[in-house]
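Offset between the sequence shown (1-based) and our numbering: plus 2.
For reference, the structure discussed in these notes is given below.
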Amino acid sequence: MIELDGVPELVDPVMVAAFEGWNDAGDAASTAVAHLDSEWKGEVFAALDAEDYYDFQVNRPTVWLDGGVRKITWPTTRLSVVRVGGDKPRDLVLVRGIEPSMRWRSFCNELLGFAHELGVELVVILGALLGDTPHTRPVPVSGVTSDPDLARTMDLEETKYEGPTGIVGILQEACTHAGVPAVSLWAAVPHYVSQPPNPKATLALLNRLEDLIDMRIPLGELPEDARAWQVGVDQLAAEDSEVAEYVQTLEEARDTAELPEASGEAIAREFERYLRRRDGGGPAAPPGSHATESGDAAPFLRDTPGGRTRPPKPQRPETTDDDAGLAEGPADSPEGSEGPEGPEGPEGPKD
Numbered sequence: 003m004i005e006l007d008g009v010p011e012l013v014d015p016v017m018v019a020a021f022e023g024w025n026d027a028g029d030a031a032s033t034a035v036a037h038l039d040s041e042w043k044g045e046v047f048a049a050l051d052a053e054d055y056y057d058f059q060v061n062r063p064t065v066w067l068d069g070g071v072r073k074i075t076w077p078t079t080r081l082s083v084v085r086v087g088g089d090k091p092r093d094l095v096l097v098r099g100i101e102p103s104m105r106w107r108s109f110c111n112e113l114l115g116f117a118h119e120l121g122v123e124l125v126v127i128l129g130a131l132l133g134d135t136p137h138t139r140p141v142p143v144s145g146v147t148s149d150p151d152l153a154r155t156m157d158l159e160e161t162k163y164e165g166p167t168g169i170v171g172i173l174q175e176a177c178t179h180a181g182v183p184a185v186s187l188w189a190a191v192p193h194y195v196s197q198p199p200n201p202k203a204t205l206a207l208l209n210r211l212e213d214l215i216d217m218r219i220p221l222g223e224l225p226e227d228a229r230a231w232q233v234g235v236d237q238l239a240a241e242d243s244e245v246a247e248y249v250q251t252l253e254e255a256r257d258t259a260e261l262p263e264a265s266g267e268a269i270a271r272e273f274e275r276y277l278r279r280r281d282g283g284g285p286a287a288p289p290g291s292h293a294t295e296s297g298d299a300a301p302f303l304r305d306t307p308g309g310r311t312r313p314p315k316p317q318r319p320e321t322t323d324d325d326a327g328l329a330e331g332p333a334d335s336p337e338g339s340e341g342p343e344g345p346e347g348p349e350g351p352k353d
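Encoded structure:
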């Protein structure tokens, strides 16, 4: 039974969800929702019963001390609400948790029950996959949906993916069958530097979410973290000629494929983001400058972030993933370098 006595009536609510595990390369998606919760000081109003959905030998509880008293935190999925003011106020329902170990249909039905009771108008599920993308270029973010009408009105891809899926794909289909508009946003994380965190991918997801729901999102220290992350990977790659050569190969392939994107819609999107941030007083890159994922025009800093581990060597372009078996996903993820949904990426082909 869902009880929402402590939740105020929401204004045009959007549910934004992310789950640790198979669909969260570099922890990019779960970190994005955590950022929203932190910046807007979300208030938790519900948590799913961990006994119903998690195998505690896979996702173990943690023990901690609170004033000398031992307490246990159980792995689960929590829902919080954030109230966003401004010219066009809109509330967000944030869903942050771990991909469940069992009873996925019941898990999705429970989340849909909350969405129905709260009057949620749109569900946006964030995900991240490992891909053949260079860390030196903007992070590709794909927006997909199962609803052809939604794909047309929101300029998204209609998913044609077939193959193994994770909780992101299952929840999106559950929303579609329940008549709730749902969209998935997927960031591609370089498979040769897959260790979390990846603030650049998190930033890319938030920028795309901002465009999708037409709401300015405070970025905090993420732009600075993304710049430092790229500088760190630049320096590590420069130490290994094979890695540097492979990155150059990916850059050339990416630049050739995206040459038409140098004008038209891509420039229009960046200009709109610039205007939004200028009007809101946030940092932005002037039109025509070299924009980072945050929209900043400042050059990357040249200090090395401490404590960063060396990325695994990438596979050579002429080898296969099965032969190489190189890049690993997050600690609890079986992704491999093909990404969580197979070689074509999640719910559709990769960019």
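Backbone N, C-alpha and C define an ideal beta-carbon position, used for all residues, glycine too.
(request) Identify the continuous beta strand (DSSP E) that holds D68 and give its terminal residues. (result) T64 to D68
(message) By the DSSP assignment, the alpha helix (DSSP H) with L238 in it spans what residues?
(response) L224 to A240
(message) Rounded to whole angstroms, what is the Cα-Cα separation between P241 and Q197?
(response) Here the sequence assigns Glu to residue 241, which means Pro is not the residue at that position. Roughly 18 Å separates the two Cα atoms.
(request) Identify the continuous alpha helix (DSSP H) that holds K43 and give its terminal residues. (result) Run containing K43: none; DSSP gives neither H nor E here.
(request) Pick out whichever of C110, T161 and V122 has its Cα sitting closest to the Cα of W188. (result) T161
(message) Do V86 and L96 have their beta-carbon atoms positioned less than 8 Å apart in this structure?
(response) no
(message) If the criterion is Cβ atoms closer than 8 Å, does the pair P63 and I74 meet it?
(response) yes
(request) Below 7 Å CB to CB, which residues in the same chain sit around V13 once its five sequence neighbours on both sides are set aside? (result) P91, R92 and D93
(request) Specify the secondary structure class of F21 as computed by DSSP and reduced to three states. (result) strand
(request) Please name the residue, chosen from G222, D213, C110 and Y194, that lies closest to Q174 on a Cα-to-Cα basis. (result) C110
(message) By the three-class DSSP mapping on this structure, what secondary structure does T147 have?
(response) strand
(request) Give the range of the beta strand (DSSP E) segment to which I127 is assigned. (result) L124 to G133
(message) Please return the same chain residues whose Cβ sits closer than 6 Å to the Cβ of L224, not counting the five positions on each side in sequence.
(response) P201 and L205
(message) Rounding to the nearest angstrom, what Cα-Cα distance links T147 and Q250 in this structure?
(response) 33 Å
(message) Considering just the uninterrupted stretch of the beta strand (DSSP E) at A27, what are its terminal residues?
(response) Taken as a continuous stretch (DSSP letters only), A27 belongs to no beta strand (DSSP E), as it is neither H nor E.
(request) Identify the continuous beta strand (DSSP E) that holds D359 and give its terminal residues. (result) Beyond the ends of the chain as shown, which are 3 and 353, falls residue 359; an answer cannot be given.
(request) Just confirm the distance between the C-beta atoms of I169 and E101, as a whole number of angstroms; I'd bet it's less than 8 Å. (result) 5 Å
(message) Quick check: the Cα distance between M17 and L124, rounded to an integer number of angstroms?
(response) 6 Å
(request) Would you kindly report the start and end of the unbroken beta strand (DSSP E) that includes K73? (result) V71 to T75
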